[in-house]
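Numbering (my numbering), first residue to last: 189 to 285.
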Amino acid sequence: MIRTFLDCSTAHVSFETAEWLAEIGQLNASGDGDGGQFAISSTHYGWFLHVGKIDGMPEPAATDLAPIFEKARAAGADYVMLDRDADKLDGLPVFDW
């Protein structure tokens with residue numbers, strides 16, 4: 189099966205959400221912790237995450253990621269790549285951090 193992902197800028201999440209993504213990505217990669225129900229992987233330039241449920245995410249992550257997930261689903265994507273070098277997408281909030 190081939191799956192697709194939405195590629196967009198890390199500027200579409202707040203600094204607080206970026207910190208949370210980094211924490212969960214590190215927990216998932218280390219094997220020492222539990223990233224919980226969230227399939228999130230850290231990269232050198234951002235995060236790769238499954239377009240899953242928002243339920244259970246802390247704020248502001250849930251609010252920041254909801255419109256990104258909606259855009260991904262509308263495009264038929266199962267994953268999102270948040271990358272510092274990716275384009276900013278129309279219709280999504282932009283945070284300056």
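For glycine and all other residues, C-beta sits at the position ideal for the given N, C-alpha and C.
Extent of the continuous alpha helix (DSSP H) run through residue i
{"i": "Ser218", "result": "203–218"}
{"i": "Pro248", "result": "Looking at the DSSP string, Pro248 is not in any alpha helix (DSSP H), and its letter there is neither H nor E."}
Limits of the beta strand (DSSP E) - the one that residue i falls within
{"i": "Asp195", "result": "193–197"}
Proximal residues to residue i (C-beta, below 7 Å), its chain only, five neighbours per side dropped
{"i": "Ala199", "result": "Lys276, Val282, Phe283"}
For residue i, the residue or residues it bridges with in DSSP
{"i": "Trp235", "result": "Ser230, Leu270"}
Neighbour-count burial assignment, residue i, 16 or more Cβ in a 10 Å radius
{"i": "Trp285", "result": "exposed"}
{"i": "Gly264", "result": "exposed"}
{"i": "Thr205", "result": "buried"}
{"i": "Lys259", "result": "buried"}
{"i": "Phe226", "result": "buried"}
{"i": "Gly213", "result": "buried"}
Expected contact under 8 Å - CB spacing of residue i and residue j to nearest Å
{"i": "Asp266", "j": "Gly234", "result": "About 17 Å; that fails the 8 Å criterion."}
{"i": "Asp252", "j": "Ser202", "result": "5 Å"}
Cβ shell of residue i (< 6 Å), same chain only, five flanking positions each side left out
{"i": "Pro255", "result": "Leu280"}
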